[in-house]
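Asker: The working numbering puts the first residue of the sequence shown at 2, with every later residue one more than the last. Here it is: the structure, laid out below.
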Amino acid sequence: MFIIWWIIVGLIAGFLTGKLMKGSGYGAIGDIVIGIIGAVVGGFIMQKLGFAGSGGLIYTVIVAIIGAVLLTLLLRLVTGNKARNL
């Protein structure tokens, strides 16, 4: 059940990050992976800032989106990909 939770959060965070970053995204699987890794990155950042590590779905998705946005920015800096307008 825990894996399904991370996939759902990753899907939501990856999709919303793709919309926020005004890019075409990385495909369904890529967005889920970025969302899941973003959730880990966001959780690490929030923990270092002193915020509680527990919360409901909305808190988890917001933290995952923050992490996924940062991860997407980093990926774009490294790969040189620019946002494409649709």
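Every residue gets a Cβ at the ideal spot worked out from N, C-alpha and C, and that includes glycine.
Mapping DSSP to helix, strand and coil, what is Y60?
Answerer: Helix at Y60.
Asker: On the criterion of 16 or more Cβ atoms from any shown chain inside 10 Å, does V62 qualify as buried, or is it exposed?
Answerer: V62 should be labelled buried.
Asker: Measure the Cβ-Cβ separation of G43 and V64 and say whether it is below 7 angstroms.
Answerer: A contact, by the Cβ cut-off of 7 angstroms.
Asker: Roughly how far, in whole angstroms, is the beta-carbon of I33 from the beta-carbon of G15, given that I think they are within contact range, below 8 angstroms?
Answerer: Contact flag correct, Cβ pair sits at about 5 angstroms.
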